[in-house]
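Peer 1:
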Amino acid sequence: MLPFALHGYRTSVRTSTGATPFSLVYGMEAVLPVEVEIPSLRVMMDVKLDEAEWVQARMKKAFDQKVRPRSYQIGDLVLKRILPQGTDNRGKWTPNYEGSYVVKKVFSGGALMLTTMNGEDFPSPVNSDVVKKYFA
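Heads up: the sequence shown is residues 1 to 136, going by the UniProt record's numbering.
1. State the start and end residues of the unbroken beta strand (DSSP E) segment that holds LEU2.
2. Counting only runs that start and end within the region 29-105, where is the alpha helix (DSSP H) found for 4 or more residues in a row?
3. Would you identify the three-state DSSP class for VAL13, choosing helix, strand or coil?
4. Of all the options ASP76, ALA19, LEU24 and ARG10, which has the alpha carbon lying nearest to the alpha carbon of LYS132?
5. For the alpha helix (DSSP H) containing VAL130, name the first residue and the last one.
6. On the DSSP bridge assignment, give the partners of THR20 in chain order.
7. Are three or more beta carbon pairs between the region 89-98 and the region 54-65 nearer than 8 Å?
8. Hey, VAL102 and TYR72 are a contact pair by Cβ (cut 8 Å); roughly how many whole angstroms apart?
9. Take the Cβ of LEU6 as the centre, count every other Cβ of all protein chains shown within 10 Å, and call the residue buried at 16 or more, exposed below.
10. Tell me whether LEU112 is buried or exposed, calling it buried when 16 or more other Cβ atoms sit within 10 Å of its Cβ.
11. Name the residue from ASP121, SER108 and ARG10 whose alpha carbon lies nearest to the alpha carbon of GLU29.
12. Any idea which residues DSSP pairs MET113 with across the strands?
13. What does the alpha-carbon distance come out to for the pair LEU32 and ARG58?
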């Protein structure tokens with residue numbers, strides 16, 4: 001009878017520490033024999049958490065297979081996307097990219113400083129999402 005009482009004492013939360021003595025000694029929560037047969041909320045949450053981590057890992061793996069890393073070096077030729085600004089209805093047959101620009105400086109966050117082929121600098125950096133490499 002004493003082992004059952006000790007087990008009950010060691011697996012119940014103490015108000016002074018906010019944890020069970022078992023978790024303080026072993027570093028993890030004890031799974032009671034009753035919880036193995038009848039799933040408790042804690043066991044079900046652990047299973048859902050494991051499933052969520054598995055789904056997250058699968059989604060990351062699928063994304064990493066599809067994504068193409070973009071890296072630019074100084075001197076690369078790029079085309080810059082023409083961003084829609086204002087109410088200018090340019091139509092369907094207008095070009096989506098402009099120029100051929102040279103990468104002057106590469107910043108760590110993915111921003112680029114561009115110059116035209118004539119050497120004129122852009123006034124502000126451009127995000128690497130709006131440029132693509134130009135193979136001339």
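Glycine is no exception: its CB is placed at the ideal position from the N, C-alpha and C atoms.
Peer 2: Reading off the structure:
1. Note, LEU2: premise wrong, no beta strand (DSSP E); alpha helix (DSSP H) at 2-10.
2. 33-37 and 41-66
3. In the three-state DSSP reduction, VAL13 falls in the coil class, being neither helix nor strand.
4. ASP76
5. Careful: VAL130 lies outside any alpha helix (DSSP H) and carries neither H nor E.
6. Answer is none; THR20 lacks a bridge partner.
7. no
8. Contact flag wrong, Cβ pair sits at about 11 Å.
9. exposed
10. buried
11. The shortest Cα separation from GLU29 among ASP121, SER108 and ARG10 belongs to ARG10.
12. Partner(s): LYS105.
13. 31 Å
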